[in-house]
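Sequence lines, in order, name chains A and B. Read in the numbering used here, the first sequence has 190 at position 190, and its numbers run on one by one without any break. Read in the numbering used here, the second sequence has 1093 at position 93, and its numbers run on one by one without any break. Here a beta-carbon is modelled for each residue, glycine too, at the ideal position from N, C-alpha and C. In what follows, a single structure is set out as C-alpha cells and then discussed.
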Amino acid sequence: MEIKARGYGRTLSLRELLSGVVPAKLSAALTVLLGSSARVISADGSWVMSDTPALAENARRLPLFHDLETAGYLETTATDEGRVRAVVIILESFMRSGARYFMASEMHIEVVKTDFEELQRKHEALMVSEARYKALAEHLEERVKEQVNTIESAHRQLYQAEKLASVGQLAAGVAHEINNPIGFIRSNLSTAQSYVHKIQSVAKQVKSGKDAALVNAWQSADLDFVLEDFPSLLQESVDGADRVSRIVSDLKGFSNVDQAEEEIVDLNDNIRSACNVAANQLNSRAELNLALGELPKLNCKSGHLSQVFLNLLLNAAHAMRERGEIHIWSGVEQGQIVIRFRDNGCGISPDVLPRIFDPFFTTNDVGSGTGLGLTVSRDIILAHGGSIEVDSELNTGTTFTIHLPLDRKNT
Amino acid sequence: MAELDEATRKLTIKLVYYGPAMSGKTTNLIGLHDLLSPDLKGELMTLETQNDRTLFFDLLPLGFRTPTGWLVKFKLYTVPGQVVHDATRKAVLSRADGVVFVADSQRSQGVNNAESFQNLEENVRRVGLDFESLPLVVQFNKRDLPNVLSEEEIQARWSAAPWPLVMASALTGFGVRETFVNLLEAVYPALEKHFSLHETLGTDAQSFINAATGVSLGNQG
Chain A
1 MEIKARGYGR TLSLRELLSG VVPAKLSAAL TVLLGSSARV ISADGSWVMS DTPALAENAR
61 RLPLFHDLET AGYLETTATD EGRVRAVVII LESFMRSGAR YFMASEMHIE VVKTDFEELQ
121 RKHEALMVSE ARYKALAEHL EERVKEQVNT IESAHRQLYQ AEKLASVGQL AAGVAHEINN
181 PIGFIRSNLS TAQSYVHKIQ SVAKQVKSGK DAALVNAWQS ADLDFVLEDF PSLLQESVDG
241 ADRVSRIVSD LKGFSNVDQA EEEIVDLNDN IRSACNVAAN QLNSRAELNL ALGELPKLNC
301 KSGHLSQVFL NLLLNAAHAM RERGEIHIWS GVEQGQIVIR FRDNGCGISP DVLPRIFDPF
361 FTTNDVGSGT GLGLTVSRDI ILAHGGSIEV DSELNTGTTF TIHLPLDRKN T
Chain B
1001 MAELDEATRK LTIKLVYYGP AMSGKTTNLI GLHDLLSPDL KGELMTLETQ NDRTLFFDLL
1061 PLGFRTPTGW LVKFKLYTVP GQVVHDATRK AVLSRADGVV FVADSQRSQG VNNAESFQNL
1121 EENVRRVGLD FESLPLVVQF NKRDLPNVLS EEEIQARWSA APWPLVMASA LTGFGVRETF
1181 VNLLEAVYPA LEKHFSLHET LGTDAQSFIN AATGVSLGNQ G
C-alpha cells in the first residue's frame, strides 16, 4: 500500500531507490560478488530487479533497510556471510544515494514552483501598482493642467491689474494736474464773457461818437465782427473746458480700478463714462446709439466693469472698415441685467470665433494689442457671476451680450 | 501534521530545526545522532552543502517500535539558514509537527536571530500552520563561545515568551538532548489530542519520549 506521494518527504519504493543503477549489470555483478545466484526483490514482492526468476527453495532472504524500514530483500543462495553482508551494504548505499537524488530533485522542483508562483504574484502586484501609478500620473497631468490654468488666470489678472494700476496712477495724476488749470480757465472764460458783454455795451457810443479817427479805426479793425464772434468763441471754449473736466472726472472713475472695492452703481453711468473716454476714437469711426433702459443699482466692482465696456467699445470701433454704427442696449431680463453691444463692423470669421476669449490671442499686428482685452473682460464678468456671449457674422457685424445677475449670492 | 497510517501501523512525525545561518542546526542533528540510541536510527543525510552551509536540508531519521507493533518515525530536518533560501525553508517547514529555533548566542547575532525568528513566524503562517499552537522550543546555541549574551539577559529578554528556553553548545553536545526532549514534551500533547496515541499506540508521554531518545524503560525515574 502506497502512502500518498507528497514531494521530498514521501516514502520511496525500492524500484525508485535503485533507479540510478542499470539493473542487468548490477544483477550480474551481484552474482559474481556472491559467487552464487542472487536477486533483489521489493518488500511486497511486486518488483524484481531485472526480472530474475525465483531462486531455489534454500535461498536466504536478507532485508534491505531504508529510512528505518525494510524496503526490499536480497535473496541469494550464497553462504559466505561476509560477502552477503558486504553486498547488503553496497545495495543500501545505492538506495541511499537514490533517495538523496529523489529528495533533492523533488525539493528543487518544489522550490522552483513556489519561486515561480511568487514571481507571478509579484508580477501581478507590480501590474496593479503600475496601473495605480498610471492613474496617478494621469490625475497628475490633470492637476498640473488645473494649476497651470490657475496660474495663467492669476498672471492675466496681475498683468491687467498692473496695467490698470499704472494707467490709474497716470490718470489720477493727470486729472489732478488738469483739474486746477481747467478750473481757472473755466472761471476766467466766464469772466471774459462778462467783459465782452461790457465792451459790447460801450460799442454803440464809440461808433456814434464825433471822433472820426476812432470810428475809422473801429471799422478797419472790423471790431463789430469781433464783438459778435467773441461771445460764441468764448462759449465754445467754455463747452470745451466743460468737456475736459468731464473727461477728467471719467478718467478718475477708471483710475480707481486698482482699488477694486465694490460699490453700488447704476451701470448706465459706467456705460456713458466709457463712451466719453472712448469718444475721440469713436467719433471718427462710428455713430453711437444708446438705448439704455432703467437699471436697478448693482453692487459691483465698478471700475472693472467700466473697463469691460471700454474694451467692447474700442473693439467695435476697430471693427469698422468705414463709418458704421454702434448700438448699446441695456435692460433687465429674467432677473439679470443685460447689456448688449452691437456693431455693423467687419465681423469675426468662424474659425477665429471660438478663440477670441483665449489669452494672448489677437488678430491685431504684433505690438498693437495684447490679446488680453476679451480674456480679462470675460474674467471680470465671470467674477461677477455673470456671462458674456458673442454672436458674429462675417461682414455683417458682431454682438456681445453680457448677463449680470442682480443677486450674486444665488449664483 | 504527522501521518498516521493504520494499514502499515506507522506514525511519521516531522520535526524541523530552524534558525539563522551558521547557528548550528546541522550540528544539533549530528549531536542527536551521536547522543540518542533509539531502536531505529538512520544515517544523517546531507543533501547538498556549499562551504559547510546547507543548501537544501539535512535529514535524520529516528524511530522505535511500540510493544503494540506500531512503528513511530521521527524525521528531523534542518532548513538552510541563508536568507536567499526562503522557498526551501517554507517547503521544509510545511506540515511540521514541531520546531526547534536554534539561535546564535553571540552578541553580534542579535539582529540575525530576530530576523530569522520573524521569518519563522511568517513562514509558519504561510504554510498554513498556527503559530500560537505550534510546538516550539528556543535553543540558545554556542554557549561555549566568548562574547555571548548572558543567560540572565536571555531569560530577561524572553521572559514574556511562552516557549521553553534551552542553553546549548551543540558542538560539545551540551543541551542538544535536552532541547529534543523539550520539543517532544511539547509535541506529544498535540499528537495525543489529534490521534489519541494512548489508545492507538498504547503509549504515554514518558514512555514515548524514553523510546524516542533511547532511555531504557528500566532506567527511568
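For residue 1129 (chain B), no chain A residue has a C-beta closer than 8 Å to its own C-beta; the minimum C-beta separation is roughly 15 Å. A check of alpha carbon separations from residue 354 (chain A) across A:374, A:341 and A:343 identifies A:374 as the nearest. Within chain B, not a single residue places a beta-carbon under 9 Å from that of residue 80 (chain A); the smallest gap is close to 26 Å. Taking a beta-carbon distance threshold of 8 Å, residue 1200 (chain B) does not count as an interface residue toward chain A.
By the Cβ-count criterion, residue 1062 (chain B) is buried, with 16 or more other Cβ atoms from all chains shown falling within 10 Å of its own Cβ.
Residue burial is scored here from C-beta neighbours: residue 1014 (chain B) has at least 16 other C-beta atoms within 10 angstroms and is therefore classed as buried. Between residue 17 (chain A) and residue 95 (chain A), the CB-CB gap stays under 8 Å. Within the same chain, Cβ atoms closer than 6 Å to the Cβ of residue 47 (chain A) are found at 15, the five residues on either side in sequence being excluded. Just measuring C-alpha positions, the residue of A:42, A:35 and A:189 sitting nearest residue 235 (chain A) is A:189. Residue 1195 (chain B) is positioned such that its CB atom lies closer than 8 Å to that of residue 1004 (chain B).
The shortest CA-to-CA distance from residue 53 (chain A) to any of A:43, A:44 and A:39 is the one to A:39.
Residue pairing for residue 115 (chain A): DSSP places it in no beta bridge. Remark: three or more beta-carbon pairs, one from each stretch, lie closer than 8 Å, so the segment 1082-1098 of chain B and the segment 1049-1057 of chain B are flagged as touching. When secondary structure is reduced to three states using DSSP, residue 271 (chain A) falls in the helix class. By the 16-neighbour rule on beta-carbons within 10 angstroms, residue 67 (chain A) is buried. Here residue 339 (chain A) is not near residue 282 (chain A), since their CB atoms are 8 Å or more apart. By DSSP's assignment, residue 346 (chain A) forms no beta bridge with any residue. Between the alpha carbons of residue 1199 (chain B) and residue 1129 (chain B) lies a gap of roughly 26 Å.
A Cβ-Cβ separation of about 5 Å places residue 319 (chain A) in contact with residue 346 (chain A) under the 8 Å criterion. With a cutoff of 8 Å on beta-carbon distance, residue 1149 (chain B) and residue 1107 (chain B) are scored as near each other. Residues of chain A whose Cβ lies closer than 7 Å to the Cβ of residue 1080 (chain B) do not exist; the shortest such Cβ separation is about 10 Å. With fewer than 16 other Cβ atoms inside 10 Å of its own Cβ, residue 184 (chain A) counts as exposed. With its beta carbon less than 8 Å from one in chain A, residue 1042 (chain B) belongs to the interface.
Under the DSSP assignment, residue 356 (chain A) falls outside any alpha helix (DSSP H); it carries neither an H nor an E label. Contacts with chain B at 8 Å (Cβ-Cβ) include residue 110 (chain A). Across the structure, residue 1030 (chain B) and residue 1140 (chain B) are spaced so that their CA atoms are roughly 17 Å apart. At least 8 Å separates the beta-carbon of residue 104 (chain A) from that of residue 71 (chain A). For residue 1147 (chain B), no beta strand (DSSP E) run applies, since DSSP gives it neither H nor E. Between residue 1182 (chain B) and residue 1137 (chain B), the C-beta gap is smaller than 8 Å, which places the two residues in contact. The alpha carbon of residue 385 (chain A) has as its nearest neighbour, out of A:211, A:337 and A:357, the alpha carbon of A:337. Take the alpha-carbon of residue 1132 (chain B) and the one of residue 1058 (chain B): they are about 26 Å apart. Within its own chain, the residues whose Cβ lies closer than 7 Å to the Cβ of residue 288 (chain A), once the five positions on either side in sequence are excluded, are 275, 282 and 326, listed in chain order. Collapsing the DSSP output to three states places residue 341 (chain A) in a strand. Residue contact check for residue 1073 (chain B) against chain A: a CB pair falls below 8 Å. Nearest Cα to residue 1147 (chain B) within the set B:1109, B:1115 and B:1135: B:1109. For residue 60 (chain A), the closest of A:123, A:37, A:12 and A:50 by C-alpha to C-alpha distance is A:37.
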